[in-house]
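Numbering (this note's numbering), first residue to last: 798 to 1096.
A quick write-up on the structure given underneath.
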Ligand SMILES: Cc1cc2nc3c(=O)[nH]c(=O)nc-3n(C[C@H](O)[C@H](O)[C@H](O)COP(=O)(O)OP(=O)(O)OC[C@H]3O[C@@H](n4cnc5c(N)ncnc54)[C@H](O)[C@@H]3O)c2cc1C
């Protein structure tokens, strides 16, 4: 075990697990080990981890529920912090505050149940509130930054920051101004709506997602970003790539925008299939697909 890891384990305020397999936690169910995985339960613990790892000179990767990442088979060096244990939700009038590790969909459900609108069409997006803030996750014409008003975060030295919406820049599945920061909580400014109408919209969206997406197999959602004026899934389907396989990875027959792990896929299988799809779509259509998913570590 590296000397920094011994020191970190000794001083950390929460469990730090050496060699934990990412495949056991990431939604792709593939990928190599984290050199060290820390599991903070609060923003105070996260802050302490950030300052300890910074003083030890260790690189840090902050993750949520790992539903939009692929870790290479050789693993991810340095410290990985999983924020999924940092949960909590509170409502104050039309304001909803959610801790970074709160499951996104539980925040949406709470808002709909309280008759607050602005999140309902994002029902069923997997992952955490922190991950959604970093990715500007969205679906069915609604995205995280439509209603996000503030982000609480800690920086690399463990200092707490409060970021206002006006100080950030966001676009489709991308946010500028959060690099190097760990999101600890997000505040949403919602509007009053009718609880039955919101519940009905939520049910409609959940049913639409179940009908379109291969939710029975491990994946990390849409692999590629939507190219301007089109859909990656439409292009992939039009190129006849549904069902294309590499090892245990396959382009989903149900939704061509997803790569699924049909059993025993390695990260190299998934990565190789991503590259092949991009190449074949470029050759056939001239469109260069860009990855939405985040590749981490060594492949
Ligand atoms: C079946 C399925 C369907 C999906 N459908 C959608 C969809 O409709 N729309 C959509 O937008 N996405 C979708 N996704 C992708 C994914 O669920 C979202 O991107 C989600 O917001 C990622 O959250 P996470 O907690 O899993 O983040 P992770 O995958 O853990 O991390 C994603 C990125 O966010 C960063 N990050 C995570 N937490 C923090 C934090 N606390 N502080 C700082 N950075 C952080 C990570 O470093 C990484 O860069 C889908 C995925 C699956 C498996």
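Positions of the beta carbon are idealized from the N, C-alpha and C atoms, including for glycine.
Quantities reported herein were computed from a predicted structural model and do not represent experimental measurements.
{"Item": "Cα-Cα separation, residue 880 to residue 898", "Value": "5 angstroms"}
{"Item": "Contact under 9 angstroms by Cβ, residue 864 with residue 1005", "Value": "no"}
{"Item": "heavy atom of ligand 1 below 8 angstroms from residue 865 C-beta", "Value": "yes"}
{"Item": "Entirely enclosed beta strand (DSSP E) segments - the segment 1024-1060, minimum 3 residues", "Value": "1046-1048, 1056-1058"}
{"Item": "As assigned by DSSP and simplified to three states, the class of residue 986", "Value": "strand"}
{"Item": "Residue 860 Cβ short of 8 angstroms to ligand 1 heavy atom set", "Value": "yes"}
{"Item": "Neighbourhood of residue 1036 by C-beta, 6 angstroms cutoff - its chain only, sequence neighbours within 5 removed", "Value": "1077, 1078, 1081"}
{"Item": "Among 819, 1040, 938, 996, the one whose alpha carbon lies nearest that of residue 877", "Value": "819"}
{"Item": "Close-in-space but distant-in-sequence residues of the same chain around residue 844 (CB under 7 angstroms, 5 per side omitted)", "Value": "951, 955, 957"}
{"Item": "Same chain, Cβ closer than 7 angstroms to residue 1034, five either side skipped, listed in chain order", "Value": "1053"}
{"Item": "According to DSSP, residues forming a beta bridge with residue 839", "Value": "The partner list for residue 839 (beta bridge, DSSP) is empty, contrary to what the question assumes."}
{"Item": "Assigned secondary structure, residue 879 (DSSP; H/G/I helix, E/B strand, else coil)", "Value": "strand"}
{"Item": "Residue 1055 beta carbon near ligand 1 (any heavy atom closer than 8 angstroms)", "Value": "yes"}
{"Item": "Beta-carbon proximity check, residue 989 vs residue 1059, cutoff 9 angstroms", "Value": "no"}
{"Item": "Residue(s) in a DSSP beta bridge with residue 1021", "Value": "1088"}
{"Item": "DSSP three-state assignment for residue 914, whether helix, strand or coil", "Value": "strand"}
{"Item": "Three-way DSSP call (helix, strand, coil) for residue 925 in this model", "Value": "strand"}
{"Item": "Ligand 1 heavy atom lying under 8 angstroms from the CB of residue 967", "Value": "no"}
{"Item": "Contacts around residue 814, its chain only, beta-carbon distance under 6 angstroms, and the 5 residues preceding and following it disregarded", "Value": "834"}
{"Item": "Residue 815 in three-state terms, based on DSSP", "Value": "strand"}
{"Item": "Own chain residues within Cβ distance below 7 angstroms of residue 941, not counting five before or after", "Value": "929, 930, 933, 934, 935"}
{"Item": "Whole-angstrom distance between residue 873 and residue 964, CA atom to CA atom", "Value": "31 angstroms"}
{"Item": "Per-residue DSSP class, three states only, for residue 1072", "Value": "helix"}
{"Item": "Backbone CA spacing between residue 953 and residue 851 [nearest angstrom]", "Value": "6 angstroms"}
{"Item": "Residues of its chain near residue 1061, where Cβ-Cβ distance is below 6 angstroms and the 5 sequence neighbours each way are ignored", "Value": "1045"}
{"Item": "Residue 854 versus residue 836 - alpha carbon distance", "Value": "19 angstroms"}
{"Item": "Whether residue 915 touches residue 986 by CB criterion (9 angstroms)", "Value": "yes"}
{"Item": "Residue 867 versus residue 981: straight-line alpha-carbon distance, rounded", "Value": "22 angstroms"}
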